[in-house]
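All remarks here apply to the structure that follows.
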Amino acid sequence: MRHISDDEMQAYLDQSDFSEKDNLKHHLRTCSWCRNRFRQYQQLYEGLGKDSGYKLPEGFSDSVMARLSIVSSVSSVHRQLNVLWGSLGLIATLCLVWYFIDLESLAVCFTRPFTPLVQVGQVILLQIRDFLSIADGYAVPLVASGLIILGVAVVDRLLLYFRYKQFCL
Amino acid sequence: MFDDRILISEILSGNKAAFQTFIEAYQKLVSHVVFRIVANEFDREDLCQDVFLRVYQNLGKFKFKCKVSTWVAQIAYNTSLNYLEKRKIPLVDDFISNNGHNQLAEIPEYGMTPQQYTETRDLNQRIQNEVNLLPPQYGVLIVLYHLEYMSYEEIAEITNQPLGTVKSYIYRARRMLKDRLLEKYELEDILQ
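Residue numbers (my numbering), protein chains in the order written: chain A, 34 to 202; chain B, 3 to 194.
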C-alpha cells in the first residue's frame, strides 16, 4: 500500500486541481499513519491562516499623506531648480555662440542648395578653430567661470540632498 | 467595497482623500510583505511609507494588466529587497544548501527559552513563532498564500520567480514547519 506523500496532502488542502482526491480520501479512511499526518497539515493550515499580529500604527495613512506633501514640494523645488539651471546653461551657450561664432558664414553654408556634407563639416571645423583661437586669451576666465558654476551646482545639490534626504525615496 | 479603477482615477485626478482610502485598503498587505522580509523594526514603518510613495508616483503607469493588490505587493517586495541589498543583508536562497546542510534547523531561536516554549501552549502562537524563524524569502511566500489568499501564479508574479519554484518553496516550507513543530512539541499537543 502506497502512503500519501506530503506534496499530495498539500495539493489536496490547497484545493487545487488535484486528480487523486478520491484515492486520497479512501486511503485516509484506511491508514491511520496518513490520517495523523493529514490532521497535522490541517492544523498547520489553520494556524497559518491566523493573522501574524504585525500591525502598522494608528494614523499610518496620515503619516504617509504628510510625507507625500513634503515629497511633492521637494520635487517641485527640484523641478524649478532644474529649469533654472537648464535655462542659465542655454542662455550661456547662446551668448557664446552669438559672441564667438560667425553665424553668417554658417547660415550661407546651410542656405546654399545641395551643399555637400563634407563642406558643411569643413565650415564647422573652421568655426571651432576660429573660436579656440579667439578664446585663447579668455581661456582662464572661461574655465574658471565654468568651474564656479559647476561648484555652485554641486553644493546646491548636496545641501538639498542632506536637507531632504529623509523625505526622498 | 470600493472599485479599484474608480479609486485610482480619483487619485490620478488629484483627490488626496482617495489616496488615503487606498492606503487604508492596502496597508495590511504591504505590512505583511515588508514585516516578513525586514527584521529591523525601526525601519519597517518607513519602508511601508516608501512603498506607498512609490505606488503614488507610479500609479499613472499602472495599466490594470494584473490585480492592484499584486502590483502593490510587487512594489512592497522589491522595495524590501532593495533595502536588504543596500544594507548587504543576504536573503537565504534555499533551505538546503548544496552540501546538504539544513540551514533552517540551524536558525537560532532568539528570545525563546525552552521553558517559554512550554508555556506557549497555543498552537497558533507556536506556528507563528516557527513562521517567524523562517528565512524571509520563505516567510513572505507563506504569508502571501495563507494570509493574503493569493494564488501561486500571483505570488510567482510578485516575486518574479518561476511558478514551479514558488510552489516547491511553499510546499517545502510547510513540510519543514510541520516537522519542526512535531520535533519541538509532544505529538498529542499538536493533535489536541
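Every residue, glycine too, gets a C-beta built ideally from N, C-alpha and C.
Inter-residue spacing [alpha-carbon to alpha-carbon] between residue i and residue j
| i | j | result |
| --- | --- | --- |
| Q48/A | I129/B | 21 Å |
| L192/A | Q113/A | 16 Å |
| S99/B | H111/A | Here S99/B scores only 41 on pLDDT, less than 50, and its place in the model is too uncertain to base an answer on. |
| C72/A | H34/B | This sequence places Arg at residue 72/A; Cys is not what is there. If I take the Cα positions, the gap works out to 27 Å. |
| P174/A | S105/A | 39 Å |
| D84/A | L146/B | 11 Å |
| G179/A | V187/A | 12 Å |
| L125/B | G82/A | 12 Å |
| L159/A | V153/A | 10 Å |
| G113/B | Y140/B | The predicted model places G113/B with a pLDDT of 48, which falls under 50 and marks its position as unreliable; any figure quoted below should be read in that light. If you take the alpha carbons of G113/B and Y140/B, they lie about 21 Å apart. |
| K54/A | V107/A | 59 Å |
| L121/A | L101/A | 30 Å |
| Q29/B | M98/A | 13 Å |
| N56/A | Y171/B | 26 Å |
| L127/A | L136/A | 12 Å |
| P149/A | F66/B | 52 Å |
| E43/B | V185/A | 39 Å |
| I77/B | N84/B | 10 Å |
| K88/B | V130/A | 45 Å |
| A125/A | A140/A | 21 Å |
| V116/A | G80/A | 56 Å |
| Y187/B | Y173/B | 21 Å |
| E91/A | A41/B | 21 Å |
| A27/B | F93/A | 12 Å |
| V90/B | S52/A | The question names Val, yet the displayed sequence has Lys at residue 90/B. Whole-angstrom Cα-Cα distance: 44 Å. |
| L31/B | S15/B | 25 Å |
| D199/B | R162/A | Past the edges of chain B, shown from 3 to 194, lies residue 199/B, and the structure says nothing about it. |
| Y87/A | Q127/B | 13 Å |
| N134/B | Y151/B | 19 Å |
Anticipated Cβ contact below 8 Å, residue i with residue j, distance rounded
| i | j | result |
| --- | --- | --- |
| L86/B | I39/B | 7 Å |
| Y45/A | K180/B | Contact doesn't hold; Cβ gap of about 15 Å is too wide. |
| V53/B | T72/B | 14 Å between Cβ atoms; not a contact. |
| A175/B | L136/B | 6 Å |
| L77/A | E47/B | 30 Å between Cβ atoms; not a contact. |
| I37/A | H60/A | 6 Å |
CB contact flag (residue i, residue j, <9 Å)
| i | j | result |
| --- | --- | --- |
| V156/A | S138/A | yes |
| S8/B | F21/B | Ser is not the amino acid found at residue 8/B; the sequence shown has Ile there. No, the pair does not count as a contact, with Cβ atoms beyond the cut-off. |
| V36/B | L49/B | yes |
| E132/B | R177/B | no |
| V142/B | Y154/B | no |
| A158/B | L165/B | yes |
| M42/A | C67/A | yes |
| Q51/B | S96/A | yes |
| E156/B | K69/B | yes |
| L61/B | I10/B | yes |
| R70/A | D39/A | yes |
| T161/B | Y79/B | yes |
> At which residue ranges does the region 82-156 of chain A contain complete alpha helix (DSSP H) runs of 4 or more residues, listed in the order of the chain?
Replying inline: Qualifying alpha helix (DSSP H) stretches, in chain order: 93-133 and 136-144.
> At a Cβ cut of 9 Å, what residues of the region 76-92 of chain A count as close to chain B, listed as they run along the chain?
Replying inline: Residues are counted here when their Cβ sits less than 9 Å from a Cβ of chain B; for the region 76-92 of chain A these are Q76, L77, Y78, E79, G80, L81, G82, K83, D84, S85, G86, Y87, K88, L89 and P90, given in chain order.
> If you measure beta-carbon to beta-carbon, which residues of the region 91-119 of chain A are closer than 7 Å to chain B?
Replying inline: Listed in sequence order: F93, S94, S96, V97, M98, R100, L101 and V104.
>> At a CB distance below 7 Å, what residues from the region 47-74 of chain B approach chain A? Give them in sequence order.
In response: E47, C50, Q51, D52, F54, L55, R56 and Y58
> Closer than 8 Å, Cβ to any Cβ of chain A: which residues of the region 9-22 of chain B, in chain order?
Replying inline: Within the region 9-22 of chain B, the residues whose Cβ lies closer than 8 Å to some Cβ of chain A are K18, F21 and Q22, listed in chain order.
> Which residues, in chain order, does the region 38-51 of chain A contribute to contact with chain B at a C-beta distance below 7 Å?
Replying inline: D39, D40 and Q43
>> So if I threshold CB-CB distances at 7 Å, which residues from the region 75-93 of chain B count as touching chain A?
In response: Result list empty, no residue passes.
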